[in-house]
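Enquirer: Can you read through this structure? Questions will come right after.
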Amino acid sequence: MSDILSGWTPAPPGHKHVVSVSLGSSRGNAREAVTLLGQPFVLERIGTDGDAKKAAGLFGALDGRIDAFGLGGADLYVIADGKRYQFGNVRKLVANARKTPVLDGSGLKNTLERDAIAQLDPLLNWRTQKVLMVSAVDRFGMAEALAQHGADIVFGDVVFGLGTDRPLRSLGALRNVARVVLPVITKLPQDWFYPTGAKQESSVEGKGTKYYAWADVIAGDTHYAKRYAPKSLEGKTILTQTITGADRDWMKEHGVARLITTTPRMGSRNFATNVLEACFVAMSGKKEALGEDEYLRYIREVGFKPEVNEL
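In structure tokens:
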């Protein structure tokens, strides 16, 4: 066993083993034993603190030793307006995984998160809510569902991603930006526009701070939401997916009133969509991403529902 796997142990016999290799902070590392549909799993997250070389090494060292990889802190591709845009540098990052499938959560974002918005409508009544999505092009399913349910939305992709104070207020505007911007940014290193490593531990206030004050709900990626947040989020609702104990503490300290996660807590934390997508692929026995209908079938069978926490 190579040094990079020092201290790592495989799952017990009979268990499926999913490992999420993340470019995010190692402070969020976790290992949990859970059972889904009668199948025991070991779910594991290994953060590399933004070290792409270490992440690539882990994909190589664990290849063939586990049932499925999750990819955290980066996207292999995003689905926007029905079109798939692939990140070339991320594809190279996971190139060492030749036997074990790698899932980045994109498939579940486009299914589970749409479903979660519909399930939350009786509680939140989206038509009465002002919603800030700090980044929407990587969660187009959630963006479309919010628009379909009549929420008053600001998409912050240009404001936060490009540093230009031009909020997008319609799905049509988001589609136009996606068509122009995604072919370009998918050719750039993802850490240019997504917080990895130490950037996940700090917040930067700027041109977009006023949109946090405007919003009732801040929706989307946890790290994006925290990265650009003001000191006070008094009375706000956060709608996200990946949550650790430290994230909950951060939200309480900032005055967040309600935390809603699109994925349920499993053990001590809410795992990201890349982990859950990897679980479903491991259960299926396939070596590639599943179709939308297959993901929805597993979501229904497992009974995943949004988890609402009043803070």
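Residue numbering for the sequence shown follows this note's numbering, beginning at 26 and increasing consecutively. Note that CB positions come from ideal geometry on N, CA and C, so glycine has one too. Every value quoted in this text rests on a predicted model; they were computed, and no experiment measured them.
1. Run through DSSP, which three-state label would Ala-141 get?
2. Quick check: Ala-93 and Ala-307, are their CB atoms within less than 9 Å of each other?
3. On the three-state DSSP scale, how would you describe Trp-44?
4. Taking just the CA atoms, how far does Asp-190 sit from Lys-256?
5. Please say whether Leu-264 and Leu-336 have beta carbons closer to each other than 9 Å?
6. To the nearest angstrom, how far is it from the Cα of Val-337 to the Cα of Ala-170?
7. Applying the criterion that 16 or more other CB atoms from any shown protein chain within 10 Å of the CB defines a buried residue, is Ala-143 buried or exposed?
8. Using a Cβ-Cβ cutoff of less than 6 Å, which residues in the same chain neighbour Ile-324 once the five nearest sequence positions on both sides are dropped?
9. Going by other Cβ atoms of all chains shown within 10 Å of its Cβ, with 16 needed for buried, is Gly-166 buried or exposed?
10. Check whether the Cβ atoms of Lys-134 and Arg-164 lie closer than 9 Å to each other.
11. Assign Arg-204 to buried or exposed, taking buried as 16 or more other Cβ atoms, counted over all protein chains shown, within 10 Å of its Cβ.
12. Roughly how many angstroms lie between the CA atoms of Val-43 and Ala-303, to the nearest whole one?
13. Ordered along the chain, which non-local residues of its own chain (more than five positions away) have a Cβ less than 7 Å from that of Asp-272?
14. Return the residue from the list Ser-50, Lys-117 and Gln-266 that minimises the CA-CA distance to Phe-84.
15. Going by DSSP in three states, Lys-108 sits in which element: helix, strand or coil?
16. What's the C-alpha gap between Leu-196 and Glu-317?
17. Please identify the residue among Asn-334, Val-327, Glu-313 and Pro-331 whose C-alpha is closest to the C-alpha of Leu-62.
18. At the level of alpha carbons, what is the spacing between Ala-240 and Phe-296?
19. Mind checking which residues open and close the alpha helix (DSSP H) that includes Pro-208?
20. What number of angstroms, rounded off, separates the C-alpha of Val-184 from the C-alpha of Thr-262?
21. Just list the beta strand (DSSP E) runs in the segment 30–83, keeping only unbroken ones of 3 residues or longer that don't cross its boundaries, in chain order.
22. Among residues of its own chain, excluding the 5 on either side of Leu-301, which ones have a beta-carbon nearer than 7 Å to its beta-carbon?
23. Using the rule of at least 16 other Cβ atoms within 10 Å of the residue's Cβ for burial, across every protein chain shown, is Leu-3 buried or exposed?
24. Can you tell me whether DSSP reads Phe-24 as helix, strand or coil?
25. Nearest-angstrom Cα distance between Pro-35 and Ser-45?
26. In the DSSP assignment, what residue or residues form a beta bridge with Glu-332?
27. Counting along the chain, where does the beta strand (DSSP E) carrying Gly-97 start and finish?
28. Suppose you measure from the CA of Lys-108 to the CA of Lys-330; what does that come to, to the nearest Å?
29. Go ahead and label Pro-192 buried or exposed: buried means 16 or more other beta carbons lie within 10 angstroms of its beta carbon, across all protein chains shown.
30. If you compare alpha carbons, which of Gly-175, Asp-129, Gly-72 and Ser-131 is closest to Asn-150?
31. What residue does the beta strand (DSSP E) around Ile-243 start on, and which one ends it?
32. Work out the CA separation of Ile-268 and Lys-245 for me, nearest whole Å.
33. Could you tell me which of Asn-299, Val-281 and His-40 sits nearest to Ile-243, measuring between CA atoms?
Expert: Taking the definition as stated:
1. Ala-141 falls in the helix class under three-state DSSP.
2. Between Ala-93 and Ala-307, the CB-CB gap stays under 9 Å.
3. The sequence as given places Val at residue 44; Trp does not occur at that position. In this structure, Val-44 counts as strand in the three-state DSSP scheme.
4. Cα-Cα distance, rounded: 20 Å.
5. Going by beta carbons, Leu-336 and Leu-264 fall outside the 9 Å limit.
6. A question about residue 337 goes unanswered here, because the residues of the chain that appear run from 26 up to 336.
7. Around the C-beta of Ala-143, fewer than 16 other C-beta atoms lie within 10 Å, and the residue is accordingly described as exposed.
8. So the qualifying residues of the chain are Leu-137.
9. Using a 10 angstroms sphere on the CB of Gly-166, the tally of other CB atoms reaches 16 or more, which defines it as buried.
10. Cβ distance < 9 Å, so Lys-134 and Arg-164 count as in contact.
11. If you draw a 10 Å sphere on the C-beta of Arg-204, you find fewer than 16 other C-beta atoms in it, and that means exposed.
12. Inter-residue distance for Val-43 and Ala-303 is about 7 Å (C-alpha atoms, whole angstroms).
13. Scanning its chain for C-beta atoms nearer than 7 Å, with the 5 sequence neighbours on each side dropped, one finds around Asp-272 the residues Thr-247, in chain order.
14. Comparing Cα-Cα distances from Phe-84 to each of Ser-50, Lys-117 and Gln-266, the minimum goes to Lys-117.
15. The three-state reading of DSSP puts Lys-108 in strand, counting E and B together.
16. Rounded to whole angstroms, Leu-196 to Glu-317 spans 22 Å at the Cα level.
17. Of Asn-334, Val-327, Glu-313 and Pro-331, the smallest CA-CA separation from Leu-62 is found for Val-327.
18. Cα to Cα, the separation comes out at about 26 Å.
19. Taken as a continuous stretch (DSSP letters only), the alpha helix (DSSP H) holding Pro-208 covers 196–210.
20. For Val-184 and Thr-262, the distance between alpha carbons rounds to 21 Å.
21. For the segment 30–83, whole beta strand (DSSP E) runs of length 3 or above, ordered along the chain, are 41–47, 55–61 and 64–72.
22. So the list reads Leu-133 and Thr-288, once near-sequence residues are dropped.
23. No answer is possible for residue 3: the residues shown for the chain start at 26 and end at 336.
24. What the structure shows of the chain is the stretch from 26 to 336, and residue 24 is not part of that stretch, so it cannot be assessed.
25. Distance from the CA of Pro-35 to the CA of Ser-45, rounded to the nearest whole angstrom, comes to 14 Å.
26. Answer is Thr-286, bridged to Glu-332.
27. For Gly-97, the uninterrupted beta strand (DSSP E) segment begins and ends at 93–97.
28. Lys-108 and Lys-330 have their C-alpha atoms roughly 27 Å apart.
29. Label assigned to Pro-192: buried.
30. When only C-alpha atoms are compared, the closest one is Gly-175.
31. Per DSSP, Ile-243 belongs to the beta strand (DSSP E) from 242–244.
32. Sequence check: residue 245 is Gly here, not Lys. Rounded to whole angstroms, the gap between the alpha carbons of Gly-245 and Ile-268 is 12 Å.
33. The option with the nearest alpha carbon to Ile-243 is Val-281.
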